[in-house]
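In the numbering used here, the protein residues as written are 219 to 413.
Written out as structure tokens, the structure is:
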């Protein structure tokens, strides 16, 4: 499976990562940490045999990317094993989700996951997954003690594979100028060659 995800400014990353760390420490479940899953919001999840085509389509989508504000207002669960931070569905998130869907739909032989299609998508930032019933309860205790509404900025967009989580390409933008400041595709391709 492939993912297209939003990535955040450093302060937001640190806050979400802190929640992930605290949940892992309290529950003993370190699936998110062991998998090196960074804080993010997934815009699209899809299957395809056309990885090179997916990269080209992603690069076109990345050219349309704009930085945007996100406000996380609550904590939720996907039954039975996942806890997440819930952002407000604002115009920015709706627009980014729609754009991702339109671009990914162009890939030949693509199957977009049902929960990532228009009007079916629930924006979220996963902070714990594969939690047992007891671990899920403990994760909620952590969030009851720690969570408060907060705002952050999406400053990057990336294409990744799952199981294990592997970045294919990630592009970062300056939130003030909106200009691309770093494209990690070349560095990621070089890392692939080292393996």
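Cβ atoms here follow ideal geometry from the backbone N, Cα and C, with glycine treated the same way.
Between the beta-carbon of residue 318 and that of residue 262 there is about 4 Å, and that keeps the pair under the 8 Å contact cut. Around the beta carbon of residue 252, a 10 Å sphere encloses fewer than 16 other beta carbons of the protein chains shown; the residue is thus reported as exposed. Under the 8 Å Cβ criterion, the region 364-379 does not count as touching the region 331-339, having fewer than three qualifying pairs.
In the displayed model, residue 247 falls within coil according to three-state DSSP, outside both helix and strand. Contact annotation: residue 266 and residue 325 have beta-carbon atoms nearer than 8 Å. By the criterion of at least three beta-carbon pairs nearer than 8 Å, the region 351-366 is in contact with the region 235-255. Beyond the five residues adjoining it in sequence on each side, residue 393 comes within less than 8 Å, by CB distance, of 227, 285, 371, 373 in the same chain, given in chain order. The closest CA to that of residue 306, considering only 257, 290, 242, 349, is found on 290. In the structure shown, residue 267 falls within a coil segment according to DSSP collapsed to helix, strand and coil.
In the structure shown, the three-state DSSP call for residue 283 is coil.
Rounded to the nearest whole angstrom, the C-alpha separation of residue 245 and residue 359 is 10 Å.
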